Every structure is written in C-alpha cells, then in structure tokens.
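Protein chains in written order, with the numbering used here: chain A, 30 to 319; chain B, 13 to 191; chain C, 789 to 1381; chain D, 1018 to 1106. Step one of this worksheet: look at the structure below.
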Amino acid sequence: MNKYALFLGCTTPTKVLQYEVASRWVCKYFGIELIDIKDFVCCGMNQVNLSIETGLLMAAMNLALAETRGLNILTLCAACTGALAEAIERLEDKATRDEVNEKLRDIRLEYKGKVKVKHISRVLYEDIGVEKIKREVKRDLSGLRVAPHYGCHYLKPRSAFEEFEKPDNPKTLHELISATGAHPIEYETLGLCCGGKAFPVSEDLAHSLVQKKLDDFMNKEVDAMVLQCQTCYLMYSDQQKKIDEEYSKYNLPILLYPQLLGLALNANPIKELGLGLHRISPDKILAKIT
Amino acid sequence: MNKIKKILELKNPVSISELDPNFKSEVIAHPDARGLAACFSCGTCSAGCPIHEVFSEYSPKKLAKMVRLGMRKQVLSSPYIWYCATCHNCEQRCPQNVSFFNVLNVLKNMAAKEGYAPSAWVEQTKQVVKTGIVFPTEENWIKKREELSLPSLKEDHPKLKKIIELTGVNKIKPRVDKE
Amino acid sequence: MEQNKNGKKTGIGVFICQCGKNIAGGVDIPALLDFSRGLEEVVFVADNKFSCSEEGQIVIQNAIRDSDLERVIIAACDPGLHLMTFQRCGQKIGIDPAFVDLIDIRKWTMFGSPDKVDEKHALDNAKRLIEQTVKRMRLRRKIPKVTVEVNPSVLVIGGGVAGLEASLDLADKGYKVHLVERLPTIGGKMALLYKVFPTNDCAPCILAPKTAYTNIHPNINLLTNSEVTKVEGHIGNFSVVVSQKPRYVDEKKCTGCGLCIEKCPTKVVDNEYSRGLGERKAIYIPYDQAIPKKAVIDTQNCLYFQKGSCKICEKICPTSAINFKQEPKTIELKVGAIIVATGFDEYNPTQKTEYGYGRYSNVITQFQLARLLDIDGPTKGRLLRPADGKEPRSIVMIQCVGSRDENANRYCSSVCCMYALKHAQIIKEMVLPDTQVYISYIDIRTTGKGFEEYYKRTREIGVNFIHGRPAEVVENNETKNLILKVEDSDINELLKLEVDLIILSCATVPSKGTKHLAELLRVNLDENGFFKEVHPKLRPVETNVRGVYICGSAQGPKDIPDSIVQAKAAASCADSELRKGEIQLPEFMVKQT
Amino acid sequence: MQEVYVEDFMSPGCVGCPVVKEMLKGLSEELSGEITVEEVDITVDTTRAAQYGVMSVPAIAVNGVLKFMGVPKKEELKKALMEELERDE
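Next up, the structure:
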C-alpha cells in the first residue's frame, strides 16, 4: 500500500550513509516499501545557479523516471524535496511542461504531471501518523532534550507545500519527536538556515551560520540536535567538528530523525541505525536512554 | 591630495553613464524575475536573510535596487550574488510577492554567461555529467555501502549527459579573477 | 449632411469627440467619421474638439434641430461621467433621454489608461462599438416610465460615527430615520479608540454628543442588536425586514443601574470592547457611555441559558426588567433610501505567522493597545503587557501588517500611520515617558490636514523611527520578551531588537457580514470586498443601485474626518432624491416589486 | 425580416447568467430574423444597468426595454423575442 520510489540524492548515499541505513530500517518497520531506481540523478538544485533550465530539466527527468513506474517519490534530503516539489509546481504549467518534454524526448522520457514528492518525515507524519508511532515506542527516550531543525527546503518554497505546513511556525518535526518520547525544545534560531548551500563558495560564511545556531543551544541543556536533511547534518556535524578543532566548545551530538525514531523502536544502534558512522560520538545520548 | 585619497579612498557618485537602462527590462523579461518591478524596498528580504545577518555586503534589498537602477556591471560581477544559502526566506515573506530567490538565480545565470561563475559550481556541473551526482566516485564509500549491504550506485548516466549538453550549461567557463 | 442609403427611419446622429488630443491623438477620427456615415439610419456625423463643452453641446443641439435627428450617439468618454450631461443637453431640445447614448472610446486612446491600445486596434475597437451602438439605438424603444411616490424615510445600516452622522443629518432635515446596529450599543469602532488624531481629543467625549442625540432624536428609530435580513423594492419605496435579537432585558424597564452585572457569577473574556484583554459578565453593559445604556445577556455564557439555573439577575433587578422569555423580533420597514455605514474590522494578524500574533502573548494589535491605554479600559489606562502584567520598557510598532501585501490586502489602510503616531504620543507623553517607542515602517503617510505637524511632533517627543519592514519576531521563552529582526534602510544595518512589547498596525478590512449585506442590497463590492462606489472620484457615495448610498469605512479605509464628510455627502444624496416627493422610474423596475 | 437587439445583463460569478447566455444562443439560432445579443457586465457598465433599473442579474432587455429579471422560462423569452421580430412599424 505504502510504496515509494526512494530518492537518495547526492550526499546521503556517499557521505551520510547512516541516514540511508536508518531510513530504510524505519520504512521497513512501518511497512513502507521503497523501490530503488538506479537511473535517478541529482535533483538539479545546484545546477539552477548556472542555468534554471538545466535544473528544471534534471528534476523533470527524475520525476518522469518515477512516473513511468507509477510511483510517488520519497526523499531523504530536504533540498531534493524542495527542488522536486518546486519543479512539480512549475511543470503544472502546460507550456513549460511541453518545453521540457521536448528535450526529454531525446532520452525517451516524458513527464505527464502525475508525481507527488514527500519527505520521509512527511510520509511518517501523514501515512503512518503520530499516534501510531506513539503506540510502537519500545524504549524510554523521555530523558532526552533535543533541538529540532527542519531544514529550509522541507517546507519552502512555501507555495509548493501549501497543503502540508507553513514554514514560519512549523510543528511536524516537533510532533514527530514528541511521539518518540523525547522532548523537543523551543529555541530562538529555529528558522535559521544551516548555510550548506553557501558552503561551496564561502566556508567562513557557512561556519558562522552553524555557530550561530550552536551558540543558541549553550546553557539550554540540549542533548542532541535532530535533523531531517543530510546537508544540514554535514554542516552541524562535520563542520561543527572542524569549528571545534579551533574553539572546542560544542561537542553536540547530531541525530537524523529516523535514527531517533529507530532508537525509540529499539533498533540496533550500530547495525540498523548506523550510529557508528557519526563524527561526533552519540555515546552521551545512548548512555542517557535505558 | 594623494595622501588623503589613500586614507579615505575617495569615491565618486555613481554616474548615469554607468547605468544601463536596459538591464532591468532584461532581467524582468525572464518569467522568474517578473515580480521584481513591484519591489518597494521595504527590506523584509534583507531583514530575514541569514547570509545578510552575518555578511552585510550581501543584501537582497540592495541587489534588487541595483538591478532596478541598471547597475549591470556591479551586480553581475559581484562575487556576493553567489553567497545565497537558498533558504527562501526573502521570497516567502515578501509583501509584494517578489520571488527574490528566483530573481537571484536569473542574475546568476546571466553572470555565468558573462564569465563570472565561481569554479565550485562549474566543477559541480562537470561532475554531474560524469557520475549523475555532484561528487566523483570514491572507493571508500563504495566499500562502505557494501559493508552495510546497501545497493550499489550506478556510476554513469549517459541520458543525463545528453540533456545537459542540450542546454549548453556544460560549456560555461569559470570566473578568472585577476589578482 | 447626406441622406443615408437606407433612408431615414429613426434619424441617428453620431458625434465623435476628439477630447483635445486624448482621443484624436490615439485614433484616426476621419476614418471613424467615414465609417459611421455608412451605418444604417445614420443621417448625420460630426466631430468635435470637446463635446462636453458649451460649444460642443450647441453643435449637437443645432444638428438635432437642423437635421431633424431623433436619436443621438456621442462617442467620447465613460458614460458614468457624462451620460447625464448629454441626456440633459438632448432633453433641452426635446429628445427623450433613452435616445441619447454615450459610449467610451477614450479608454483605448488616452495616455495612461489601463486599456490603452495601439492606433489600429483603437480604430477597430471604436468602429465595432459604434456599429453595435447604432444598431442598439435603431431598435431601441422608449423605456416606459412611471411616477412613484417617495417615502420620506431612510434606513441607515451601521451605528458607527459615519452612520450616526448620516442619521442625524437626515433626521434634522425632517426625515424619519431607522438606524440599525448589529451590536447592543452604538458608537462603533470610534468608541474603542480612546483618543483620536490629530487633536488627541478623547474619543468618547466627542462621540457622546452624537450617540446621545441619536438616542433621543424624535425622528430616529434606534434598533440595536439588530440585523437587516431582507431588502426589496426600489428607490422611493424599499421594503426592509430587520431582525432584532432579544436582549432578555426589557429596554423600557432597565435603568442601567448595573446591579445585575455586579451579582452575575459568570465572568467572560470580553472580545468586543476590551478586545480580548479584559473581562465582562454574562449580563453586561458594553461600556459606561454605551447608548442605549441597557443591559444585555450573552446567552452563550449565561448559566441560565447554558445549564438552566441561576437567574440571580432576575431576582436582583429592582425594576424587574429581566425577561428570559424574550423572543427575536421581526420588524418591517418602508423607506425611500438606504445608507450603508457598516464600517470595518481589524485584520486578523494570526495569518502573518512570522510576527507570532496568537502565539506570543506580548504581540498585540493597535486596537488592543488602545484598550490598554484607555482610562476606562481593562487596565484602567495602565499599559501592562499581557504575559506578565509588567510595564514595558521598550515597544516596537510594526506598520503595514496585512496592508500593502499581495498575500493579504493590496491596499494601503490609510489610517495606521496616524494611529501608530497617536499611540506613540500617548505612551511618551502620558503613560510611560521613559519607555522607548520604535515605529518600524515602509513609508509614513500623513497627508491629512494637520497630520504632518502631528508626525513632526511625534519625532520631537522622542519616538524612534526604523525605516524597514521586519522579517520575523521570535519570543524569548523565559522572559517572554520578543526579538525582532529588521533592516533600517537609512543606515543599511540589520537591527536585532529585544523588546518587551510588539504592536501590530493591522490592515482595516471590510466588516463581517459585508458580503451578505451586499447580496441583500444587490450592491457591488470592489476587488477588496468593500462597497463599490459608482465612480471613485466623482460619485463616491452612490452605488449601482439607485437610492442606496455608502459612507465611511464600508467604502474603503478612512479616518474619522473623511467618514464624516462622506456621511454628510450620503445624507445629502438621499435628501436630493427624497425631497422630490415623487420620482420617475423605469416601469419594469416598479412592476417587479 | 425584422431585427431584435438583446442586452444580456450579467456579472462574473453569477450562477444564472451562463444559463441565460446559452438560452439566448439557442434562440438566436432557432428563430428566423436577425438577433443581436450584447453581454453587458453590470460591474463594468454600471451606468447602463442603472438606466434600465437593473437591480440583479441575470436580466434581459429587448430593444431597449427591460423584460426579464432572473432566469426566464425559455418559452417566455422566445415569445418576447418573437413579438419584437414580428412587429412592424
């Protein structure tokens, strides 16, 4: 019943394998069938910088690949979610779609406009539901205070997510975290971007955004940050590590939501959730839960 | 006189001869940037921009105004237009529905055509043509995926190469900065 | 002049106006003349520099006389502007108004017109329109008219300052006025304002003479707690049905002593008069100067109506005015004209999620602030922030919340700049002089008489202005302070202000029920949902329905001086028609009802 | 052969107006004689609507005289048009 084409994107399958591992485990647990499509390519998000047309074409190619198999797409990366959702919106316009299909014909593909894209958190929220998750929890996480971070493209551009949630006061990740028993904290810089997309052109800029958010957690007794995007993950984890080489003040463990959920469902932290792959050791968290 | 100049870096006002009256219409001719003409410089975009917060030289409001005034060279050659973190805050709160995120992409596309693209993005596109993703294939993650019994990734994507070549984006040359 | 190939039947004259260069500059007039000359039954064509001028009208009248014209078409401008001019011009020389028509060809030619097209298209459009109009004119017959008597009474809908002014004006002129107000008291939004710009008068003090006079005026029939539910008929003779909700208090017996209120055990959040910041009882008088000063029971919260017990008010009332058995009343009225003065509501800013209204208790609206500043308000004039009752040391007002916003309301609400300045002045001069007040704005618009001086004074007493629109407001969970990010354009710096209280200057939007009332009255609304006037400049209080007039904020956001002016204009328009005693109307219109 | 000029008063969003439009279209094909139908949007051309005393849409004027308000029965409308077409003066 719940069957999706899994869209891995660029970064998850190469640099943040723990996200993929945990996501596959969680989906399997809840009976969400994931289909791997080998022909999927980059969502086109970054190519927009040089050519809006190229970006849209790449997104359309991916959408068409899912459509030919009659599948909707499940994404792990927030940026892919935003890029593909925005493309769907653009391709609702028939003239644009015709223009794109003209080019796709060369590779024998066509996008008819029938695909939906959902981020894994949204699938868990809408298809499985917070109540069902609550009932399945097997491990007490109530001692954990975690800071949710949504990731910009999870809900933006706003117009592409109108029927789901508005970006200025988001609640879904808070609710998903609460469902596991952990306590999501409120904090001032909730809406702040991780800076990941500015990282390739300016490392310093991106670092200062990372620090702004991490600074906000000082004195708030936060055990971990919970994310739903691997680009955000790399920024707050790997780049945090790099910043700490100089300042050594944070050492804040970072979890991806499927990992937190997996912990609550009693999954094996190393084998099933990939916690061994973390740059910042999650041992502190594991020690806190029973 | 020379001395004063050194200390103060004396500046001249922007002269009308430096303004390109066609620049604005060129930009808003692109459907993605059409809304820019309605901008009334309220500054909501800049106030909510995370990059502007830490680096004031990057300012959506200022760039929007520079485009409207016709400051073609200054806008397109600016290294700062590439600093956007793509968070969409500017557009989602704009009271005039100017999608600055898209306006900026239009500007970046124009700048890229004129030879101002940062090498990072040019390299990424080259990479995408080769592997389908923005990274080159690396032994270590291929091995890791096997260890975790994750499905292998396809390493070449001729179809993608074909459509990318159709758009000509692979021909864009990176910016060369004179020192 | 030449005889038409089809011979003369009706004898139509076509006059093409050059309108200086407005039309002549955008269309080939000789070509239009040639074209018109060839149309069936057209026996005379001429152009004219300004048809509406005295000479222009004489040309038309001469042609009618000399060429024996029976019907006339003037191709010029918007009929809303000048049709009457030409109908009068024709009438003078014996042509029935039905046989004079004005058509607008100027919209396609005039510089600056949104409909302007190039010369070729302007010519094509004008040709098509003239051809069609000639055809219509050829076949048209006189609209049969009947004379009807005019009922010398008026219905005024809405008891705010505009409705009161219109009612008093007409009542003083001797007409019977029925004033219908939805709430239990008259006074409208002005009663909630505490003080009013640019004089800083006490609002209730200058409003009370009007409300009190309305209450006792022999020609005014005041119907509070009432709504119009049905309207039929036409100018001179409208039949209106008003439904009055029961107060459960006999208005004749109630003296307004307040004993019942004192003893009533049920406290309720007062959303109307205190804007959610104060409490009232389940039986209440909205406020001290309420007119009529009669108690009313809120059945949603009354213990008797909800649980069937209590009745304390009934026991305590010294005049036995409480009557739980009161039924809704249906009142039928016959009136000659209707004035709509239904005012506005404050935009609900919860939709602007970035400013946190509804989530953060220290983010309030200007109307709420006015209640906090009011000596008779829920805090007795002490400015205390809702979260913890502390006096704010710093305040930011955010302008244009929901105004000038494509995602909310496109228009400028026109009064928010001024009321923000007013509240800033009150805070700095009367309430908390040491508190820092900032006003964050896109543009400050102070165009009324004495308004710029008012703005200057606000600057001089130390209110700070930030030139920019804030992006977001976030609450500090512990202190309940608010952190706001805004870029000041003047210094090109991003400001991050942690303040105690934030005030949103919200848009004014059409009042609840406007759409429904418009349907009842068959009056058009504009694209923003306000009542639409016939012409925005020249006929600002008339509507598409003859005999129905609009005034005050029901027509669009406006301040008190403008509302008064419009109310007087609407009253004057109604008077002009009603004083005739009888009027001529198209037969069909009268037959229908 | 006689002619008739029909002014069809309508406004955007009106439910009955498309019905009248269809009806008029049908009748002008069905009846012999020249029938001209002009659509008058009362939100644009308020003056003309006021002149005729049009208070609600749909409304139909035939040769300059308002005949119907609301959606008429097809027979009634047909009769009104025929009367005008057969009139000789």
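All residues carry an ideal CB built from backbone N, CA and C; glycine is no exception. Computed from a predicted model, the values in this text were never measured in an experiment.
Within chain A, Asn198 have C-beta atoms less than 7 Å from the C-beta of Arg1147(C), given in sequence order. Residue state for Pro1298(C) is assigned as strand, using DSSP reduced to three classes. In the three-state reduction of the DSSP assignment, Cys56(A) falls in the helix class, which pools H, G and I. Distance from the CA atom of Tyr1072(C) to the CA atom of Asn1003(C), rounded to whole angstroms, is 19 Å. From the beta-carbon of Lys195(A), the residues of chain C found nearer than 7 Å are Thr1141. Shown here for Pro1116(C): same chain residues with a beta carbon closer than 7 Å to its own, the five before and five after excluded, namely Ser1031, Gln1032, Lys1033 and Pro1034 in chain order. If you draw a 10 Å sphere on the C-beta of Asn1059(C), you find fewer than 16 other C-beta atoms in it, and that means exposed. With a contact defined as Cβ atoms closer than 8 Å, Ile1371(C) and Ile1126(C) miss out at about 15 Å. In the three-state scheme derived from DSSP, where H, G and I count as helix and E and B as strand, Leu63(A) is classed as strand. By the criterion of a C-beta distance shorter than 6 Å, His1211(C) is surrounded in its chain by Leu1157, once the five residues flanking it on both sides are discounted.
Glu118(A) is the residue among Ile299(A), Asn297(A), Glu118(A) and Thr97(A) whose C-alpha sits nearest the C-alpha of Pro186(A).
Chain C has no Cβ within less than 8 Å of the Cβ of Gly1050(D). The C-beta of Leu1041(D) comes no closer than 8 Å to any C-beta of chain C. Within the model, the alpha-carbon separation for Val141(B) versus Tyr1226(C) is close to 54 Å. Ranked by Cα distance from Val115(B), the first of Leu172(B), Cys57(B) and Ser161(B) is Cys57(B).
According to the DSSP assignment, Arg1068(C) belongs to the beta strand (DSSP E) that extends over Gly1066 to Lys1069. For Met254(A), the enclosing beta strand (DSSP E) stretches over residues Ala253 to Leu256. Under the DSSP definition of a beta bridge, Met1086(D) partners with Ala1076(D). Check the Cα spacing between Leu857(C) and each of Asp835(C), Ser839(C), Thr798(C) and Pro867(C): the tightest is with Thr798(C). With at least 16 other beta carbons inside 10 angstroms of its own, Leu37(A) counts as buried. Taking CB atoms only, Val1262(C) has a neighbour in chain A less than 8 Å away.
Under the three-pair Cβ rule at 8 Å, the segment 1086 to 1095 of chain C counts as touching the segment 1063 to 1078 of chain C.
Shown in chain order are the members of the segment 1267 to 1295 of chain C whose Cβ falls below 8 Å from a Cβ of chain A: Ile1271.
Restricting attention to Val175(A), Val166(A), Asn91(A) and His148(A), the CA atom closest to the CA of Lys141(A) is found in Asn91(A). At a cut-off of 4 residues, the continuous stretches assigned as alpha helix (DSSP H) that sit fully inside the segment 1080 to 1147 of chain C are 1091 to 1095 and 1100 to 1104. When rounded, the separation of the alpha-carbon atoms in Ala1109(C) and Gly1046(C) is 12 Å. Shown here, Asp1222(C) sits in coil according to DSSP, grouped into three states, outside any helix or strand.
Annotated three-state conformation of Ile1152(C) is strand, per DSSP. If you look at Ala95(A), you'll find it in the alpha helix (DSSP H) that goes Ile81 to Thr97. Here Thr143(B) carries a helix assignment [DSSP, helix/strand/coil].
Taking C-beta atoms as the reference points, Thr1012(C) and Ile1049(C) fail to come closer than 8 Å. Put simply, the backbone Cα of Asn31(A) is about 11 Å away from that of Leu153(A). Proximity to Glu191(A) across Asn117(B), Gln104(B), Met122(B) and Leu160(B) peaks at Gln104(B), based on C-alpha coordinates.
Chain-ordered, the chain A residues with CB closer than 7 Å to the CB of Gly144(B) read Val70 and Cys71. Annotation for Asp835(C): the continuous beta strand (DSSP E) segment containing it runs Val830 to Asn836.
Tyr1148(C) counts as buried, since at least 16 other C-beta atoms from the protein chains shown sit within 10 angstroms of its C-beta.
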